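Beneath this line is the structure, given in structure tokens, with notes to follow.
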Amino acid sequence: GSINDFGWRAAALVTWMCLDIWQTGHPTLIGTCTGALCGLVGITPATGYVTSFGAACIGVAATLTSYWFISKIKPRLGIDDTLDAFGCHGVAGIVGSILTGVFASKQVAPDIAHAGLAYGGGWQLLLIQLVGTAIVIVLVGAMVSLITVVLKQFVSIRVSPAAEKMGLDYSEHDEPVDETVAASWARGTYVSQNPDEFKGQLHGFDPQPRRENR
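The opening residue of the sequence shown carries number 3 in the working numbering; numbering runs sequentially from there.
Right, dumping it as structure tokens:
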């Protein structure tokens, strides 16, 4: 379990770094940490059933899928998820759950009824994982919707426009992060590329995407 944990996390971390280099020309600390997190999330359903090779394969697959969702699907759908909670935890967890049906090995877990597809167990375990994952998605979606509807009767789900404009670091925690944001803005990195996510923290800065000098 521990070896798979570290193996999957390492594979995911390196995968995200390579994707960052491919897309932006350099690795980022945020990307490295996000890749490691995707690996940690993805290993959860499979750690006791897969070999180190299977763990690495699932780590790469989970990271590729999460990266694609966060960079392509999330902006297209306009999802308000600044921390990419679903992109990391949800997507990587779903991939890990499904691919357990591919890479589960009786060498690691001899008591399982069926090995994964990659280890000669046929499609049965993969189909079980697909159905189980779909059921969990439906149940979680229904419960979250119900909880949200109830909570909205008592508290506001979103902060006020004034608090959002001020920045939640100020309005909720009274802790400024301007120095970090300003430094990132000056370097033309993630902050300047995604100003809407930091609009309450860009005090004294023009919240428009940077334009390169031509």
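Using N, Cα and C, we set each Cβ at its ideal position, and we do this for glycine too.
The model shown is predicted, which means the values in this text are computed figures rather than measured ones.
Asked: Establish whether the CB of Ala58 and some CB of chain D are separated by less than 8 Å.; Found: Checking the listed chains, one finds no chain D in this structure; it contains a single protein chain.
Asked: Under 8 Å, do Thr65 and Thr102 count as touching if we go by C-beta distance?; Found: no
Asked: From Asp82 to Phe156, what does the alpha carbon distance come to, in whole angstroms?; Found: 22 Å
Asked: Are the CB atoms of Trp10 and Ile45 nearer to each other than 8 Å?; Found: yes
Asked: Since Ala94 and Ser68 should fall inside the 8 Å C-beta cutoff, what is the C-beta to C-beta distance between them, to a whole number of angstroms?; Found: 5 Å
Asked: Can you name, in chain order, every residue of its own chain whose Cβ lies under 7 Å from the Cβ of Gln126, other than the five neighbours on each side?; Found: His116
Asked: Go through its chain and collect everything with a Cβ distance to Pro47's Cβ below 8 Å, but skip five positions before and after it.; Found: Gly95, Gly98, Ser99, Thr102
Asked: How many angstroms separate the CA atom of Val146 from the CA atom of Ala87?; Found: 14 Å
Asked: Anyone know if the C-beta pair for Glu106 and Val52 falls short of 8 Å?; Found: Reading off the sequence shown, one finds Ala at residue 106, where the question assumed Glu. Closer than 8 Å, so yes.
Asked: Grab the span of the alpha helix (DSSP H) containing Phe55 for me, first residue to last.; Found: 54 to 70
Asked: In angstroms with no decimal places, state the Cα-to-Cα distance between Val62 and Thr34.; Found: 13 Å
Asked: Helix, strand or coil: how does DSSP classify Trp187 here?; Found: Low confidence applies to Trp187: its pLDDT is 48, below 50, so where it sits in the model is not reliable, and the reading given next is rough at best. Helix.
Asked: Buried or exposed for Ala13, please, with buried defined as at least 16 other CB atoms from any protein chain shown within 10 angstroms of its CB.; Found: buried
Asked: I need the straight-line Cα distance from Cys40 to Cys90, nearest angstrom please.; Found: 5 Å
Asked: What are the start and end residues of the alpha helix (DSSP H) that includes Pro118?; Found: Before going further, note that residue 118 is Gly rather than Pro in the sequence given. Run containing Gly118: none; DSSP gives neither H nor E here.
Asked: Kindly indicate which residue of Gln109, Ile23, Val140 has the alpha-carbon position closest to the one of Gly56.; Found: Gln109
Asked: Does the separation of the CB atoms of Gly118 and Val140 fall below 8 Å?; Found: no
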